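The opening residue of the sequence shown carries number 12 in this note's numbering; numbering runs sequentially from there. The beta-carbon is built from N, C-alpha and C at its ideal position, and this holds for glycine as well. On a predicted model such as this, the values are computed, not experimentally measured, just so you know.
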Amino acid sequence: MKKSILYLLLSCALLTACDNSDDTVFEETADARLNAALASYEKQLIEAPYGWNAVVYTGGGGTYGFHFKFDEKNRVTMYSDFSDETAAKSKESSYRLKAVQTPVLIFDTYSYLHILSDPDEEVSGGERGDGLLSDFEFSIFPDSVKAESITLVGRKNNSRLVLTKATQAQVASYAAGDLAKAVLFNNVMKYQAYFKRVTLGNVTYEITLSPRARTIKMVWLDGSVPKTFTTNYYFTAAGVAFVSPLVNGSQTINGFTNVTWNANTFQVGITGAGLKGTVVSAIRPLSVDLAAARRWWQEPIESGGYWNSRQGFHVNGVDDALKVQDLKVGEAPFYRYIYQPAADGNIDLFGPIFYEDEGVTLFYGHGPGRPTFASDGRIIFSQVATFGDLPTTGPAVESAKYLFEASGHYLIQTSETTFDMVSAKDAKSWISWE
């Protein structure tokens with residue numbers, strides 16, 4: 012015991028000696044250095060004469076374009092490519108820099124940036140309670156701060172915010188409404204037929220756009236061999252920017268510029284790889300993925316899940332054309348339309364689920380039998396059962412009519428976790444599954 016006490020006293024003496032040493036690593040305290048860093052970062056943000064172009068890479072996988080202009084009064088003015096409105100009209104809100112273990116840039120009043128994080132799925136288009144897994148508080152790390160760019164990391168969802176100094180011409184383009192013109196590319200989703208193609212030079216590309224996932228898929232033929240390219244995209248004042256470039260022989264497509272919308276012909280015009288083209292409709296795929304339908308049907312069986320759709324069928328250019336989002340059972344509002352293969356032995360399940368008691372409930376649905384997989388890649392459904400107290404009219408009945416259409420459907424894989432099911436009859440109706 013005495014030896015232990017002696018050892019403890021000796022240790023304390025040594026520690027005291029260390030504490031009293033005049034040798035210091037830094038001339039300033041940690042707080043002083045942190046405050047100096049905050050002041051330096053704020054100065055850099057403010058003194059960019061034309062503001063900052065920005066890209067947000069969300070935790071949910073999407074990419075979104077912004078422009079920020081910070082001032083010395085802790086105000087920030089921004090544009091966003093989230094929608095037609097946010098691209099056309101600037102919005103001012105507030106920001107601050109704060110020390111939270113590391114320097115943090117906080118957008119502290121509701122802004123276009125907050126839309127991505129909004130827990131209301133009708134605002135963000137994301138999951139209820141989570142939004143698109145983006146952030147509005149971002150940590151700054153010294154190694155990621157450069158003279159012309161700054162990369163920040165979201166504190167909650169680890170989204171990335173990449174700032175790049177804008178030029179005088181770019182900020183003028185935002186003010187002139189060029190970002191809003193670029194977002195007109197989304198009008199390809201208004202085409203009545205699902206399949207869209209553009210010819211650039213001597214190559215015809217089929218374009219599949221997934222606005223929620225912010226992915227673009229392009230398919231072309233090398234002789235008779237289909238080639239596929241998929242990347243995330245976002246919008247800038249110059250047009251559509253690809254996160255990764257498409258390289259096809261001598262053609263390198265970094266995105267599309269000179270986006271135009273002809274309301275008379277209902278067509279989008281673009282320039283890619285320096286070549287002009289017009290996006291036109293088609294009623295069947297340029298190249299059919301013969302295994303896609305079976306792959307789509309089999310995946311939930313292996314994972315124990317189901318496919319879900321936020322809006323049900325898109326028909327003749329109209330989202331949620333059958334108004335499934337208006338469905339209610341008592342006070343329980345609509346949540347998703349689902350398809351669950353082998354839900355009851357050899358019977359699948361197709362129907363709406365509803366919010367109830369902090370969970371989701373199925374009250375009724377249609378029961379397709381095991382689908383037919385045609386040799387040309389189509390999947391064909393037929394009804395063999397029903398579940399629950401099925402309505403005799405309304406969105407659920409109309410949705411079943413489209414599912415059981417005799418021509419069947421093509422399955423188009425739009426990302427690792429999403430598929431579009433497209434009518435093989437005329438490609439004018441489809442439903443997006445995730």
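For residue i versus residue j, is the C-beta distance shorter than 8 Å?
i	j	result
PHE240	PRO296	no
ALA293	LEU422	no
ILE57	GLU96	no
ALA435	SER418	yes
GLY283	ILE312	no
MET200	ILE218	no
VAL340	PHE365	yes
ALA224	THR425	yes
SER104	SER122	yes
VAL291	ILE281	no
ALA186	ALA99	no
THR175	ASN64	yes
VAL164	SER184	no
PHE118	LEU124	yes
ALA249	THR268	yes
PRO379	ASP359	yes
VAL236	THR289	no
With DSSP collapsed to three states, give me the class of residue i.
i	result
TYR202	coil
PHE374	coil
PHE267	strand
TYR61	coil
PRO311	helix
GLU133	helix
VAL408	helix
SER184	helix
THR276	coil
ASP331	coil
SER51	helix
ASN7	A query on residue 7 cannot be resolved here, the shown segment of the chain reaching from 12 to 445 and no further.
ARG208	strand
ASN213	coil
ILE126	helix
THR97	helix
ALA158	coil
ASP233	strand
ASP33	Note that ASP33 scores 43 on pLDDT, short of 50, meaning its location in the model is unreliable; the coordinates nonetheless yield the value given after this. Reduced to three states, the DSSP call for ASP33 is coil.
ALA304	helix
ALA191	helix
ALA438	coil
ALA385	coil
Starting from the Cα of residue i, find the closest Cα among the options and give me that residue.
i	options	result
GLY316	GLN351, ILE161, LEU301	GLN351
LEU507	GLY356, MET432, ALA353, PHE93	The chain is shown from 12 up to 445; residue 507 falls before or after that span and cannot be answered.
VAL173	ARG166, GLY188, VAL156, VAL182	VAL156
PHE415	TRP441, ASP400, PRO402	TRP441
ILE391	LEU45, GLU217, MET432	MET432
PRO402	PRO130, ASP355, VAL209, HIS377	HIS377
ILE349	PRO363, GLU409, GLY62	PRO363
TYR244	PHE147, THR69, GLU409	THR69
ASP400	SER386, ILE358, TYR375, PHE267	TYR375
GLU369	GLY140, ASP300, ASP119, THR113	GLY140
PRO153	ASN197, GLU132, TYR202, SER51	SER51
LYS238	THR247, LEU220, GLY260	GLY260
ALA274	ARG306, LEU127, ASN198	ASN198
GLY234	ASP355, GLY136, SER298	SER298
THR372	PRO344, GLY356, GLN394, THR397	PRO344
ALA332	PHE149, SER410, TRP308	SER410
ARG44	SER101, PHE81, SER91, ALA110	ALA110
ASN169	ARG381, ASN357, THR40, VAL67	VAL67
ASN327	ALA204, TRP444, LEU338, THR428	ALA204
TRP308	ALA252, VAL408, GLY388	GLY388
Spell out the partners DSSP gives residue i in its beta bridges.
i	result
ASN259	GLN262
ALA343	VAL340
TYR421	VAL433
ALA353	Paired residue(s): none; ALA353 is not in a bridge.
ILE114	Strictly speaking, residue 114 in this sequence is Pro, with Ile absent from that position. Looking at the DSSP assignment, PRO114 forms a beta bridge with ALA110.
ALA396	GLY378
VAL66	GLY76, VAL173
SER105	ARG86
ALA252	TYR245, GLY266
ILE364	ARG347, LEU373
SER443	ASP431
LYS287	THR282
GLY165	PHE149
THR219	LYS228
ASN46	For ASN46, which the question treats as bridged, DSSP gives no partner whatsoever.
GLU138	GLY142
ALA41	For ALA41, which the question treats as bridged, DSSP gives no partner whatsoever.
If you measure from the CB of residue i, is any heavy atom of the ligand ATP nearer than 7 Å?
i	result
GLY341	Absence of the ligand ATP is noted for the structure shown, with no ligands found whatsoever.
If we cut at 8 Å on Cβ distances, does residue i have a partner in chain D?
i	result
GLU369	Note that chain D does not occur in the displayed structure, where there is just one protein chain.
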